[in-house]
Every structure is written in C-alpha cells, then in structure tokens.
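J.: Can you read through this structure? Questions will come right after.
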C-alpha cells in the first residue's frame with residue numbers, strides 16, 4: 092500500500108507473490124535468493140527509470156527457482172537492460 096516506495100529489498104524472504112504495479116516511484120528492486128517467489132509484477136510505468144548502481148541497473152532476482160515470468164512495462168527493454176536474473180526468468184507485458 093506504500094505508493095511512494097522507491098527501493099525494495101525483499102531478498103531471502105518467504106514471499107510467494109509480489110505486485111509492485113502501483114509503485115510508480117520504484118527505482119530499485121532486489122528480490123534475490125527467494126526460494127518461494129513465483130509471481131512478480133513490476134509493470135508500473137517506471138521500469139526505464141531504474142537507476143544504475145555500481146555499473147548495473149538495480150533489478151535483481153537471482154536464485155529464485157520458482158519464478159519464471161516477470162511482468163514488466165516493456166519486455167524488450169527489460170531483457171536488454173536487466174541482466175540480474177536467472178536463466179529460467181523471462182520478461183513479458185502479460186505473464187500467464
């Protein structure tokens with residue numbers, strides 16, 4: 092319910108589903124090392140504004156084995172810019 096959220100670190104949690112579609116101020120996300128996370132929605136109209144930190148865009152979902160599809164604003168842009176993902180992860184504007 093925090094629409095002013097700018098950064099979220101939810102790594103090493105038991106979160107199963109995370110919907111950040113109402114968080115248009117979000118510029119960084121780290122959901123890595125989540126064994127339960129299977130649904131992630133960051134389609135919030137702000138994906139291209141995720142800032143660069145230490146030379147990389149601040150979007151991390153590594154080591155989340157149950158996650159496959161990630162809802163985003165633009166799958167092509169996300170694929171080109173967000174590399175902190177696992178091999179089974181892919182981006183889509185409308186995950187199944």
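In our numbering, the protein residues as written are 92 to 187.
Glycine included, every Cβ here is placed at the ideal spot set by N, Cα and C.
Values in this document were obtained by computation on a predicted structure and should not be read as measured data.
List the endpoints of the continuous beta strand (DSSP E) containing residue 100.
T.: Numbered from 1 along the chain shown, position 9 holds the residue referred to as residue 100. Where residue 100 is concerned, the enclosing beta strand (DSSP E) stretches over 98-100.
J.: Quick test of your reading: residue 131 and residue 161, contact by CB under 8 Å. State the CB separation rounded to the nearest angstrom.
T.: Here the question's residue 131 lines up with position 40 in the chain shown. Here the question's residue 161 lines up with position 70 in the chain shown. At roughly 5 Å, the Cβ-Cβ gap stays under 8 Å, so residue 131 and residue 161 are in contact.
J.: Using the C-alpha atoms, what's the distance from residue 99 back to residue 127?
T.: Against the chain shown, residue 127 aligns to sequence position 36. Against the chain shown, residue 99 aligns to sequence position 8. Going from the Cα of residue 127 to the Cα of residue 99 covers about 17 Å.
J.: Comparing C-alpha positions only, which one of 93, 92, 157 and 151 sits nearest to residue 105?
T.: Numbered from 1 along the chain shown, position 14 holds the residue referred to as residue 105. Considering only alpha carbons, the answer is 157.
J.: In angstroms with no decimal places, state the Cα-to-Cα distance between residue 136 and residue 103.
T.: The residue you call residue 136 lines up with position 45 of the chain shown. The residue you call residue 103 lines up with position 12 of the chain shown. Distance between the alpha carbons of residue 136 and residue 103 is about 26 Å.
J.: In angstroms with no decimal places, state the Cα-to-Cα distance between residue 111 and residue 149.
T.: Here residue 111 is taken as the residue at index 20 of the chain shown, counted from 1. Here residue 149 is taken as the residue at index 58 of the chain shown, counted from 1. Answer to the nearest angstrom: the Cα atoms are 15 Å apart.
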